[in-house]
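One structure is given here, and the rest of the page talks about it.
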Amino acid sequence: MSPTQWDLPVELCCRPMAFVTLTGLDVVYNAVHRAVWDAFCANRRADRVPISFKVLPGDHEYPKCRPKRTSYEWYIPKGILKTGWMNKHLNLVPALVVVFYELDWDEPQWKEKQSECATRVEIVRQSLQGRNTKVAVVLIQKKTPLPPGEDVIASERAAALCNACELSGKSLFVLPHTDHLVGYIIRLENAFYEHAQTYYYTEIRRVKSHKEFLNKTTHQLLFVRHQFKIAFFSELKQDTQNALKNYRTAYNLVHELRAHETNILEIKTMAGFINYKICRLCFQHNTPLDAIAQFRKHIDLCKKKIGSAELSFEHAAWMSKQFQAFGDLFDEAIKLGLTAIQTQNPGFYYQQAAYYAQERKQLAKSLCNHEASIMYPNPDPLETQTGVLDFYGQRSWRQGILSFDLSDPEKEKVGVLAIQLKERNVAHSEIIITLLSNAVAQFKKYKCPRMKSHLMVQMGEEYYYAKDYTKALKLLDYVMCDYRSEGWWTLLTSILTTALKCSYLMAQLKDYITYSLELLGRASTLKDDQKSRIEKNLINVLMNESPDPEPDCDIFAVKTAQKLWADRISLAGSNIFTIGVQDFVPFVQCKAKFHAPSFHVDVPVEFDIYLKADCPHPIRFSKLCVSFNNQEYNQFCVIEEASKANEVLENPTQGKMCLVPGKTRKLLFKFVAKTEDVGKKIEITSVDLALGNETGRCVVLNWQGGGGDAASSQEALQAARSFKRRPKLPDNEVHWDSIIIQASTMIISRVPNISVHLRHEPPALTNEMYCLVVTVQSHEKTQIRDVKLTAGLKPGQDANLTQKTHVTLHGTELCDESYPALLTDIPVGDLHPGEQLEKMLYVRCGTVGSRMFLVYVSYLINITAEEKEIVCKCHKDETVTIETVFPFDVAVKFVSTKFEHLERVYADIPFLLMTDLLSASPWALTVVSSELQLAPSMTTVDQLESQVDNVVLQTGESASECFCLRCPSLGNVEGGVATGHYIISWKRTSAMENIPVIRTVITLPHVIVENIPLHVNADLPSFGRVRESLPVKYHLQNKTDFVQDVEISVEPSDAFMFSGLKQIRLRILPGTEQEMLYNFYPLMAGYQQLPFLNINLLRFPDFTNQLLRRFIPTSIFVKPQGRLMDDTSIAAA
Amino acid sequence: MAVCIAVIAKENYPLYIRSTPTENELKFHYMVHTSLDVVDEKISAMGKALVDQRELYLGLLYPTEDYKVYGYVTNSKVKFVMVVDSSNTALRDNEIRSMFRKLHNSYTDVMCNPFYNPGDRIQSRWALLPVSASSPGGPYFLCPIQSRWALLPVSVSSPGGPYFLCPIQSRWALLLCPIQSRAFDNMVTSMMIQVC
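So the sequence lines, in the order shown, correspond to chains A and B. All residue numbers in the first sequence are consecutive under this note's numbering, ending with 1137. All residue numbers in the second sequence are consecutive under this note's numbering, ending with 223.
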């Protein structure tokens, strides 16, 4: 028996196709025949009819047909299905034999040829005697045939040939050997297919006809056999529906058979075959659920049919095969388009197959543990005469025996022994691993990462059993992290235990140490005695000695391993192993914590390293070093103990190099930071803890950052959630959970010990040189050097402010655009303790608004920290917000000489410009001078002298000036006429002498100038007196180039009597003036209305008295008649 | 009834696993762990459903040859997994459902235990806690409620009970209290015992 005896036979697994043999083709020497054959068998696509062709010689001997049984009465079947039957009908007994013969219709030697052909047909018929196989003849012709009916000779000769060959017309074909060969071939094979189907149909009928002769008592096996045959023929006929129906019946019949230990294997084998066929057809019919249901039913029915206990591994092997075959079918269906889901995919079946394979291995191990002296029986009971069994699933030493009693128990014993001994040679692990890896591939596809990991663990374990430790370790190592990251410690421990065994057996030092470290850790669920054993081994390894073997290892493997370990010891080489712990959970935990989030550069940086061991016994470490992002600090943070290897176990509880289980050890480190690192972050990049020492073996545990391993983040989270009160501990001990890693700290500059004061008088006034006095006083104990001042606008404000702010140290000159907004690093010199210095800064702000000013003082000082002299750079800054305001408001107005408000001025007529300077500054202002710069179009009436020189204005006070101006006629100017500029020179009253005066230029408003045809002004005294004459002279000036007719009339007033022309009409020549003299005589005292002069210009009707009233006074104050001063007043009059 | 009962944290690590002692414990651990594949998939599939419409019972996760694995997920994503012998046909969906509900209630009691820190593995530990017995209406025990300590009345049936009092002084006694619910353990045991 081959080792693959459990594999399903090929003829069962293939798709049955109608079998047709072709004879008379010489495919070796005849090119035409070769082409015909190629057209039949080459490139058969799925759309071609399902036929399997075979070329055979014309005189081929087909399997003999057994004589027909007339009665089944005495017939007792020897088994269910003969092993050769399926193959016989697939590959040996054709449904149709085709005889190819080269013959054209116009063949001259027709007669001879015809009889030769008939002979060939006869030979074929002879060898098929007793079978229903059809025979057909194909004539290979060189000429293209004429359409049917046209070729008279052809039809005659065809009929003759049929007659001679005893063929029906339907079985004679013509194959013209022309261009369209493939087309003809396809038509031919379709015709063959029909013949084949008829053949299989008759075969089915033939098998069915046997049924009536059978009886239930003796022919039970035949029921199954016949049902199977019908189904199989149906499949050959491509009638899969009926095939399925018949297979189902056959399946039920198999289970109706009386089962006994002797025939259970045969029943299971047949049940397996039929089940395979049913499932296969169900998948083919796209009813996967039916397939699954059938398979489940099959498994449930057969699970308990173990058979002989001595050969129970056979049952496991068979079960495994059932699952595997179903998995294969399922997978194949998926490849053809079926969709599987996460919970129903082929992976489960492969997985189950693997489980049974494992069970088989277990059973084989316990049943086949014969001693080496037991020889394989001779003669071999498993050999048969033909080399194969007659019936599927029978025992070779008692084939065809149906009795349930064992006729020859001795023979049986020998047979069983032979099977058991054979089973010993089976590579079980290989089978299991293949199945598991099939399952892994499936679960990977259907999103089952955990299932995949689990199967990989099993694969790893199987490799371990198969002594392939390298592969085992590779697989286990690969999946470990999945279990670790999800915190399944029980599973992790189990995997680690296997991995440790592997690494021990291979003497893989680094792996051995790594797994030991984790198995001793808090993630391990091992019992303390196990942990102690592992710890002892680990210490041995660190002392360069061999560890004790792991329990439950193969004795031979242990022996090899011990040799390997011995070699390792003698081997000189690198004995330092660095193990990064962030990916696993070692038995030493580490946390680093800086005492503060920041340190001043003049105080030492301090931090603690907390260590905790979880192993059962105290352990000593030889070195602890901390690495920083700035490696210069590394040298300061090393603890090392020069201990010899043999001291590792001595005095284990003493010294700080020893870790006591469960106790937190705190190690304090301090160092002085470099001054270059001010403003930088100091980070612990790694912590290295060395176990063992360099003379033996040394393991360096490397924590990235400030400690923590694969499990610590979750633990930290849990600890943070917990509000459990922790019991009090002695002062120098801490709770591990309460330590929070702080792996970085900032170095900040030393706290300055100077004072910086700013003295100034806010707010600043626009454009002034605002004085800011900076006072720096040193409170340091030693001299400070290199004091530098940076002052000005604080950076980061509005960009426009930078343009409009200028800073200088020299207040004596006004600064302009070229001055910067911020003065940097002005050297100020050194300062002795207690000394102070003052520096004046001048700021010119061009716009109003608030600004932030920065004053930054930096200096150097020598400091001794931890007996080390360092130069510290300290700095202190002050910021101040200064508001800038306008120093004053200037109001300008135009008034007439009567001080009446003017909206426009009249050409050539004098008017007044009044300026009003209102101080808005909270500080007193000195107006040094003012100046009116007139535009060219303006002329002055009198001198332009400043009237406000050296006036001091307090807040809210104002200084006004008045200038009399005239504007010559300019014609009509759009937007008015420019007046000029008003320039004020001023400074703070409090400002020092040398502070420059600020000139503020104010542009005066434009004024609209209008021409008038007639100007009237009056000459009259400033007051009148009752009953005293009041002479008034009116001057009428013609301002036009025309002669003007003027009508003048005086309206009488109650307060006055008057003399002069009451009504007159006169002419005034261009540019000339006419005087009118009146003598008014006041009658009443008080502010009285003058008699009003009505002037009408005939040429300018628009010229109204309204306008006129602007120029001439309308009222006058009349004093009452004096009594005492009578004489003088009369004299004046 | 069940051969294995497990409570799995939101982050998928086991909070509690109990299996019948007669069989290989590791096998059930693997079984529960692999079933999380299906649980994850089911949770992500129903992620969009409204919270109040969500069915907590996930049904049969996957069948193996010998066992059936059922799942249940609470709103806080704590998972319950129950492994049942395939041959046990007495357990239908409804029974499983009600068993899960009982388990959920029991788990809620554990969460109510003031000494239980959510996310910790559920273990029965005993702790000594100070109890003021002499206060009116006593005895009380001191219990942390949101970082403050409060006096709560003690009775044997208080959440997480039973408790035992051991007097040490006239005013204060020590309360021997199961830090994490023993009741939960008992509940699970009862569910497992029904099998045998």
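C-beta: ideal position from N, C-alpha, C; glycine also.
Item, Value
"8 Å Cβ cut-off: residues of chain A touching tyrosine 40/B", "Glu490, Gly491, Trp492, Gln718"
"Beta-carbon proximity of valine 585/A to aspartate 713/A, cut-off 7 Å", "yes"
"Range of the contiguous alpha helix (DSSP H) that encloses histidine 64/A", "First-last for histidine 64/A: undefined, no H or E at that position."
"Nearest-angstrom beta carbon gap, cysteine 819/A and threonine 828/A [assumed within contact, 8 Å]", "The Cβ separation is near 16 Å, so there is no contact."
"Proximal chain A residues relative to proline 145/B, where beta-carbon distance stays under 7 Å", "Arg725"
"Per DSSP, cross-strand counterpart(s) of arginine 1141/A", "Residue 1141/A cannot be examined here, being either before or after the span of chain A that is shown, 5 to 1137."
"Option nearest serine 3/B by Cα separation, candidates Val108/B, Ser103/B, Thr61/B", "Given that chain B is displayed from residue 28 to residue 223, the structure contains no residue 3/B and the question cannot be resolved."
"For glycine 351/A, the nearest candidate out of Leu367/A, Gln328/A, Asn246/A, Gln366/A (CA to CA)", "Gln328/A"
"For arginine 19/A: DSSP bridge partner residues", "Per DSSP, none; premise fails for arginine 19/A."
"CB contact flag (isoleucine 583/A, leucine 705/A, <7 Å)", "yes"
"Three-way DSSP call (helix, strand, coil) for tryptophan 10/A in this model", "coil"
"Separation of tyrosine 360/A from lysine 220/A, as counted between CA atoms", "36 Å"
"C-alpha gap between alanine 939/A and phenylalanine 898/A, whole angstroms", "15 Å"
"Best match in Phe588/A, Lys880/A, Leu143/A, Val125/A for proximity to histidine 761/A [C-alpha to C-alpha]", "Lys880/A"
"Beta strand (DSSP E) segments (min. 3 residues) lying fully within the region 38-109 of chain B", "41-46, 84-90, 94-100"
"Methionine 28/B (DSSP reduced to helix, strand or coil)", "coil"
"Proximity test, Cβ basis, 7 Å: methionine 455/A and chain B", "yes"
"Cβ of threonine 529/A within 7 Å of any chain B Cβ", "no"
"Secondary structure of cysteine 878/A, DSSP reduced to three states", "strand"
"Residue range of the unbroken alpha helix (DSSP H) whose run includes proline 292/A", "292-306"
"Simplified DSSP state of leucine 546/A, which is helix, strand or coil", "helix"
"Glycine 710/A (DSSP reduced to helix, strand or coil)", "coil"
"Residue-chain proximity (histidine 810/A, chain B), Cβ-Cβ < 7 Å", "no"
"Chain A within 7 Å of valine 66/B, Cβ atoms only", "no"
"CB contact check: histidine 458/A to chain B, cutoff 7 Å", "yes"
"Within 7 Å, strictly: CB atoms of tyrosine 860/A and isoleucine 788/A", "no"
"Supposed contact pair isoleucine 55/A and methionine 90/A - C-beta distance, whole angstroms, cut 8 Å", "Contact flag wrong, Cβ pair sits at about 17 Å."
"Other residues of its chain near threonine 883/A: CB distance less than 8 Å, five sequence neighbours each side excluded", "Lys798, Met856, Phe857, Leu858, Val859"
"Interface partners of threonine 266/A on chain B, CB under 9 Å", "The contacting residues do not exist; threonine 266/A stays about 28 Å from chain B at best."
"Cβ of threonine 61/B within 7 Å of any chain A Cβ", "yes"
"C-beta neighbour in chain B for glutamine 534/A, strict 7 Å", "no"
"Extent of the continuous beta strand (DSSP E) to which valine 1030/A belongs", "Unbroken run through valine 1030/A: none, as it is neither H nor E."
"Proline 590/A beta carbon less than 7 Å from that of glycine 525/A", "yes"
"Backbone secondary structure at lysine 138/A - three-state DSSP", "strand"
"Buried versus exposed, by CB contacts within 10 Å (16 or more), glycine 83/A", "buried"
"Start-end ranges of the alpha helix (DSSP H) lying completely within the region 211-280 of chain A, minimum 4 residues", "224-240, 244-260"
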